[in-house]
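Asker: Have a look at this one before I ask anything.
Protein chains: 2
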Amino acid sequence: MKKPPPITDSEWSIMKVLWKKQPLTSTQIATQTKSHPQTIKTFLSRLVKKKAIGYEKTGRSFYYRTLFSEKECQRHESRSFLNRVFGGSLRPMISHLVEDESLSQREIQELKALLNKTSRGGKE
Amino acid sequence: MKKPPPITDSEWSIMKVLWKKQPLTSTQIATQTKSHPQTIKTFLSRLVKKKAIGYEKTGRSFYYRTLFSEKECQRHESRSFLNRVFGGSLRPMISHLVEDESLSQREIQELKALLNKTSRGGKE
DNA sequence: ATACATAGTCTACAACCGTAGACATAAAGC
DNA sequence: GCTTTATGTCTACGGTTGTAGACTATGTAT
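The structure is reproduced here in structure tokens:
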């Protein structure tokens, strides 16, 4: 499976819209994001060029569609973020987040449950 | 407390070196990072200009020093990353990381311990 | 004092990013 | 068939980023 290309901030906002509902035309995206249509078109071209999205032409309309799942892209971004800010190691990052951003009791319970579930899958 | 300015990838690598040992001269940093000295100097100027670091001139040498702790910067970066990629919510992100990046048994244990400790401090 | 070395400042430059105008093309309605 | 309208493509432009050469100023050694 190919890995997703780098996606900039503004491009992410477009990807997000598409992940919610696909496929969409440039006009539909512009309406939803309340952005200048021309700007959206530029971002769409760039995303197409870097093969983050594709499109099908049906009659007069171009329908855009992502070529990667949100999860794939999140995974990828997390990786590079991790490398940049936390030197690549996950644990310090999670520690930091957990310590720093106060989580509610409920969230903590959920995370613990998650960790229990993962226990079986984790590699030793 | 002022918030840290945006720091680019390359600049992070300099900050990292400084956080490990401060203060340092540009030459020392260039040596450690094995980068072209001129490039380091540029980054240092930019970091000074955006007030991420400061320096003291002692005799012939300029000693650079960070103006923010690593934790502060990590916090800041985590925030913007979170907003961009996970729509600002922490839990999905941690879930994603925990599910996706396989953690060792040991790491899982450590995280659980961390969560227990945090229980008391977390807000309800 | 004079020359050498060191370290900051100015300048540059290509690539990328956010933003968007101008232009072309093609479908659709009249 | 011709005009309107929608939609992609080309071009642009200022700002940032990574990279680094050239110039300058100032200690340092002789």
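Taken in order, these protein sequences are the chains called Y and E.
Residue 59 in my numbering is what sits at position 59 of the first sequence, and the numbering runs on without skipping anything.
Residue 94 in my numbering is what sits at position 94 of the second sequence, and the numbering runs on without skipping anything.
Note that the Cβ used here is the ideal one computed from N, Cα and C, for glycine as well.
In this text the structure is predicted, and so the values were computed from the model without any measurement.
Ordered along the chain, which non-local residues of its own chain (more than five positions away) have a Cβ less than 6 Å from that of E:S26?
Answerer: Residue mapping note: residue 26 of chain E aligns to position 26 of the second sequence, counting from 1. So the qualifying residues of the chain are I40, K41 and L44.
Asker: Provide the residue span of the beta strand (DSSP E) that contains E:T66, from first to last.
Answerer: Counting from one through the second sequence, the residue named residue 66 of chain E turns up at place 66. Its beta strand (DSSP E) spans residues S61 to T66.
Asker: Between the C-alpha atoms of Y:S61 and Y:F68, what's the straight-line distance to the nearest angstrom?
Answerer: Locating residue 61 of chain Y in the first sequence gives position 61, where the first residue counts as 1. Locating residue 68 of chain Y in the first sequence gives position 68, where the first residue counts as 1. In a straight line, the C-alpha of Y:S61 is about 22 Å away from that of Y:F68.
Asker: Counting pairs of Cβ atoms below 8 Å between the stretch 109–118 of chain Y and the stretch 22–36 of chain E, do you hit three or more?
Answerer: Segments in contact, no.
Asker: Establish whether the CB of E:W12 and some CB of chain Y are separated by less than 8 Å.
Answerer: On the second sequence, residue 12 of chain E is found 12 positions in, with the first residue counted as 1. Chain Y contact via Cβ: present.
Asker: Could you tell me which whole alpha helix (DSSP H) segments of length 4 or greater appear in the stretch 23–59 of chain Y?
Answerer: Whole alpha helix (DSSP H) segments, 4+ residues: 26–33 and 37–49.
Asker: In this structure, does DSSP put E:S80 in helix, strand or coil?
Answerer: For the purposes of this step, residue 80 of chain E is taken as the residue at position 80 of the second sequence. Helix, per DSSP.
Asker: Can you confirm whether E:S95, when its beta carbon is compared against all beta carbons of chain Y, has any partner nearer than 8 Å?
Answerer: Translated into positions along the second sequence, residue 95 of chain E becomes position 95. It does; some Cβ of chain Y falls within 8 Å.
Asker: The alpha helix (DSSP H) spanning Y:I14 covers which residue range?
Answerer: Counted from its first residue, the first sequence places residue 14 of chain Y at position 14. Taken as a continuous stretch (DSSP letters only), the alpha helix (DSSP H) holding Y:I14 covers D9 to K20.
Asker: Considering just the uninterrupted stretch of the alpha helix (DSSP H) at Y:P92, what are its terminal residues?
Answerer: Against the first sequence, residue 92 of chain Y aligns to sequence position 92. Y:P92 -> alpha helix (DSSP H) spans L90 to D100.
Asker: Could you confirm whether any beta carbon from chain E is found closer than 8 Å to the beta carbon of Y:V85?
Answerer: Counting from one through the first sequence, the residue named residue 85 of chain Y turns up at place 85. Interface residue, yes.
Asker: Report yes if the C-beta distance between E:P5 and E:K50 is below 8 Å; otherwise report no.
Answerer: Against the second sequence, residue 5 of chain E aligns to sequence position 5. Against the second sequence, residue 50 of chain E aligns to sequence position 50. Against a cut-off of 8 Å, the Cβ pair of E:K50 and E:P5 comes out as a contact.
Asker: Would you mind telling me which residues of chain E sit closer than 9 Å to Y:L18, beta carbon to beta carbon, in chain order?
Answerer: Indexing the first sequence from 1 puts residue 18 of chain Y at position 18. Per Cβ cutoff of 9 Å: no residues; Y:L18 is ~14 Å from chain E at best.
Asker: Whose C-beta lies closer than 6 Å to the C-beta of E:Q22 among residues of the same chain, with five residues either side of it excluded?
Answerer: Here residue 22 of chain E refers to the residue found at position 22 when the second sequence is read from its first residue. Here the set comprises R65.
Asker: Mind checking if E:Q38 is an interface residue toward chain Y, Cβ cutoff 8 Å exclusive?
Answerer: Residue mapping note: residue 38 of chain E aligns to position 38 of the second sequence, counting from 1. By this cut-off, E:Q38 is not an interface position.
Asker: When burial is assigned at 16 or more other CB atoms within 10 Å of the CB, is E:S78 buried or exposed?
Answerer: On the second sequence, residue 78 of chain E is found 78 positions in, with the first residue counted as 1. Buried: at least 16 other Cβ atoms inside 10 Å.
Asker: By Cβ distance, which residues of its chain are closer than 8 Å to Y:F86, with the 5 residues on each side in sequence left out?
Answerer: The count along the first sequence starts at 1 and reaches residue 86 of chain Y at position 86. Answer for Y:F86: P92, M93 and H96, listed in chain order.
Asker: Is Y:I108 close to chain E, meaning its C-beta is less than 8 Å from at least one C-beta of that chain?
Answerer: For the purposes of this step, residue 108 of chain Y is taken as residue 108 along the first sequence, with counting starting at 1. So, interface residue.
Asker: Let me see if you follow: with CB-CB separation under 8 Å, is Y:F43 close to chain E or not?
Answerer: Your numbering for residue 43 of chain Y matches position 43 in the first sequence. Judged by the 8 Å Cβ criterion, Y:F43 is not in contact with chain E.
Asker: Going by other Cβ atoms of all chains shown within 10 Å of its Cβ, with 16 needed for buried, is E:R75 buried or exposed?
Answerer: Counting from 1 along the second sequence, the entry for residue 75 of chain E is found at position 75. Burial call: buried.
Asker: Just checking my contact of E:I7 with E:M15 at CB under 8 Å: how many whole Å lie between their CB atoms?
Answerer: Counting from 1 along the second sequence, the entry for residue 7 of chain E is found at position 7. Counting from 1 along the second sequence, the entry for residue 15 of chain E is found at position 15. Their Cβ separation, rounded to whole angstroms, is 6 Å, which keeps E:I7 and E:M15 in contact under 8 Å.
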